[in-house]
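Peer 1: Quick note on UniProt numbering: the sequence shown kicks off at 1 and runs consecutively.
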Amino acid sequence: MNTESNIELRAFVIADYEAAFALWSSIDGLYLSESDTKEAVAVFLDRNPGFSVVAIDERGNMVGAVLCGHNGRAASLYHLAVAESARGKGVGQRLVQFCIARLTAANVARCSVFVYTDNEVGNRFWLNNGWYDPDTWKVLQRRL
Ligand SMILES: CC(C)(COP(=O)(O)OP(=O)(O)OC[C@H]1O[C@@H](n2cnc3c(N)ncnc32)[C@H](O)[C@@H]1OP(=O)(O)O)[C@@H](O)C(=O)NCCC(=O)NCCS
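As structure tokens, this is what we get:
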């Protein structure tokens, strides 16, 4: 485990799903979809073993999580979340660093994150931590 203070980081495994779902569900502005069922998250973790990460406090409670995966060319992060009680201590930065270290080791050149434009906390976090808005394209999607 990657330990700093009393919060430890380790890879997200499917046994973490229920706690992660509870954490994500507790956060205003974090929207869950059909991609967030246990079955769908299991598929994502199987395709990307060791890239997603959880933060666990000294009582064994999950206080942070993020999903991370890549397709051999580029990566994405989803659902970065830190419990309110654990915010402002660098846990969010550590979760992201964990993912970046693994992506770098896998020679993945770039990573994206989707942030709602009205998520002020999220936008500030990313922009203050080395992420930028390319501002030259928009994301188009199609439901399949
Ligand atoms: C965004 C989020 C994950 C950040 O988590 P966090 O653990 O508070 O993040 P960090 O502590 O690493 O950084 C947050 C701030 O605390 C500061 N900080 C970091 N370590 C610190 C410390 N030891 N003491 C005081 N402040 C610290 C950081 O500089 C950062 O400042 P900023 O707000 O100007 O960016 C969290 O606020 C969250 O879960 N928000 C809701 C969900 C969300 O919006 N997710 C992003 C969706 S894309």
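Even glycine gets a Cβ: it sits at the ideal position worked out from N, Cα and C.
For clarity, every value in this text was computed on a predicted model and none was experimentally measured.
Identify which residue in Ser76, Leu127, Met62 and Ala40 has its Cα closest to the Cα of Leu9.
Peer 2: Measuring from the Cα of Leu9, the nearest candidate turns out to be Met62.
Peer 1: Okay, do the stretch 82-102 and the stretch 47-67 touch, 3+ Cβ pairs below 8 Å being the bar?
Peer 2: In short, these stretches touch, since the Cβ pair count reaches three.
Peer 1: Would Val82 be called buried (16 or more neighbouring beta carbons within 10 Å of its own) or exposed?
Peer 2: Classification for Val82: buried.
Peer 1: Kindly give me the distance between the Cβ atoms of Val115 and Trp126, rounded to whole angstroms, as I take these residues to be in contact under 8 Å.
Peer 2: Rounded, the Cβ-Cβ distance is 6 Å, consistent with contact.
Peer 1: Below 7 Å, is the gap between the Cβ of residue 149 and the nearest heavy atom of ligand 1?
Peer 2: Since the displayed the chain opens at 1 and closes at 144, residue 149 lies outside it and no answer follows.
Peer 1: Look at the alpha carbon of Leu77 and the alpha carbon of Ala65, and state the distance between them as a whole number of angstroms.
Peer 2: Cα-Cα distance, rounded: 11 Å.
Peer 1: Residue 168 lies in the alpha helix (DSSP H); which residues open and close that run?
Peer 2: The requested residue 168 does not occur in the structure, where the chain is confined to residues 1 to 144.
Peer 1: Whole angstroms are fine: how far does the CA of Cys99 sit from the CA of Val121?
Peer 2: Each residue's Cα considered, the two are about 20 Å apart.
Peer 1: In chain order, which continuous runs of the beta strand (DSSP E) of length 3 or greater are located wholly inside the UniProt domain "N-acetyltransferase" (7-144)?
Peer 2: Within the UniProt domain "N-acetyltransferase" (7-144), the complete beta strand (DSSP E) runs of at least 3 residues are 7-11, 53-56, 62-70, 75-82 and 111-113.
Peer 1: With distances taken Cα to Cα, identify the nearest neighbour of Gly29 among Arg143, Asn119 and Asn123.
Peer 2: Nearest C-alpha to Gly29: Asn119.
Peer 1: Measuring only from the beta carbon, is Ile27 closer than 7 Å to any heavy atom that is part of ligand 1?
Peer 2: Within the cutoff, so yes.
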